[in-house]
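Asks: Heads up: the sequence shown begins at 749 in the numbering used here, then just goes up one per residue.
Cβ atoms here follow ideal geometry from the backbone N, Cα and C, with glycine treated the same way.
Quantities reported herein were computed from a predicted structural model and do not represent experimental measurements.
First the structure, then my questions, so here it is.
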Amino acid sequence: QSTWGELKNMMSAFLQSESEDDSVEDDETIEGQCVAILLLVARQSARQRFYLTRKSLIHPQAPNVPWRCLINDLSASSYINLMGVDVNCFWDIILPPFAVRCSQECVPDSTQQRRCLKEKSTKKRIMPPEGILCLVLLWLCSCSEMKLFSMIFGLTPAPLCRYLRWGRQLLLETLLELPECRVEWPSPSRMRTYASMIQSNEPLLSDSFGFVDGVHLPVSQSSDRRIDNAYYNGWTCSHYCSNLFVFAPDGLILYCKLNCPGSWHDSVVAQQLFTILHASTPEPFSLIGDSAFPADKMKTKILTPKKSNSINTNRQHAIHRALTGQRQAAEWGMRQLQGVFSRLKVPLDANDTSKRSEVIQICVRLHQLRTRVIGINQIRNVFVPIWRNGGRSLFDDFQSYLFADIRKADRLARFFSAN
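Encoded structure:
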């Protein structure tokens, strides 16, 4: 109404200045001219909007649609590079329970109300379960915009976003029930195994079974001042959500606290972890962390490097270097999450807490699946002796292991025999 009034007053003033006999036009004439101006402006604005039309895209059910070429190739290298999982994880572990949920659930429409496509039409869903799963995994492992996914899947952004939102919900429900994706605190016997793995790499640390550290994931700036203040981190002068992870030496996540406000310090986010350490972690086991955690309260449960001015003996200096070097494993774990699932590098919506939590949880569960089934993990490569089998080094039989068949077919070996 205020805009209409301003336009009407401007039009009246313009007519008064332009009129030869200084007569004022009546209200109906002014309103008609204002409507004509508004329609002209609206038409000009509409011409500046560009759409991705359906005719410009390949049909989503065509045999040569890009996503079908990817999954039908069955290349483990391509699967891991683009979707973060291998062929076995995609087809045998995730897809069967995911497809069952797809057949039982209904696709949400734009008003967030669930409706079943089969009730409105006898046609099948245009995206099969393997296509929806491929869409979610590709989205998680890339920073691309939706228009690129429209070219890959042959759908315009509106239905593609609905399938993506629905697929994330189903994927999280599926991963929460898979035993390969579980996140659990280790038993005392498992802690001893982890401690032995760390001690074999650093003899001075005999009872440490894991690494703890926090990570800040970027979020967008909110128009709500309360939300904006909660997620603003004054140290980095940007907006984040705080997360805390405990990694084992085999690369698994033992504990995680997700989606906390970015203004919280790591020691505040770790309050629940402190309770678990006191209640479920027997002596003398401990974690390796950095100076962000309180050394006075958790002195025996979280080992942190000392300040340089408090190191007096050679042993203290050696332990300081050992802790500083070993806590690097936590950084490897953070890099593993953000490196594979590149969507975590893109600022998430600060106003949508549920979506942000959903995305981070899916990435954590998929990380567990990758570590347990595929075995691709930087921490695991450092602490797990993969080049030993039953105490005997594989290098002892390396020559015969690789070249046994070649040596059998060698026609020149007799000319170089020691006999």
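1) Pull up the DSSP beta-bridge partners for G1123, would you.
2) Starting from I828, trace the alpha helix (DSSP H) in both directions and tell me its first and last residue.
3) Identify every residue that forms a DSSP beta bridge with K1005.
4) For G1087, is the classification buried or exposed, using 16 other Cβ atoms within 10 angstroms of its Cβ as the cut-off for buried?
5) What is the DSSP secondary structure of H1065, counted as helix, strand or coil?
6) Taking Q1019 as the reference, give the member of Y1003, P1030, R916, F1089 with the closest Cα.
7) DSSP three-state call for P905: helix, strand or coil?
8) Pull up the CB-CB distance for L800 and S892, whole angstroms please, since I reckon it's below 8 Å.
9) So what's V1088 in DSSP terms, helix, strand or just coil?
10) Closest by CA to L1096, which one among R816, R1118, G1010?
11) To the nearest angstrom, how far is it from the Cα of H987 to the Cα of P811?
12) Whole-angstrom Cβ separation of L1175 and M831, contact assumed at under 8 Å?
13) R816 to N977, Cα distance in whole Å?
14) Could you tell me the distance, in whole angstroms, from the CA atom of C1111 to the CA atom of S1028?
15) How should Q1074 be labelled, buried or exposed, when 16 other C-beta atoms within 10 angstroms of its C-beta is the threshold for buried?
16) Using the three-state DSSP reduction, which class does P966 fall into: helix, strand or coil?
17) State the Cα-Cα distance for the pair E1079 and D1100, rounded to the nearest angstrom.
18) Is the Cβ-Cβ distance between Q917 and I874 less than 8 Å?
Replies: So, from the data block:
1) BP columns for G1123 are empty, so no partner.
2) 824-831
3) L992
4) exposed
5) helix
6) Y1003
7) helix
8) About 14 Å; that fails the 8 Å criterion.
9) helix
10) G1010
11) 43 Å
12) The requested residue 1175 is not part of the displayed model; the chain covers only 749 to 1167.
13) 45 Å
14) Using only the alpha carbons, I get a separation of about 26 Å.
15) buried
16) Judged by DSSP in its simplified three-state form, P966 adopts strand.
17) Rounded to the nearest angstrom, the two C-alpha atoms are 27 Å apart.
18) no
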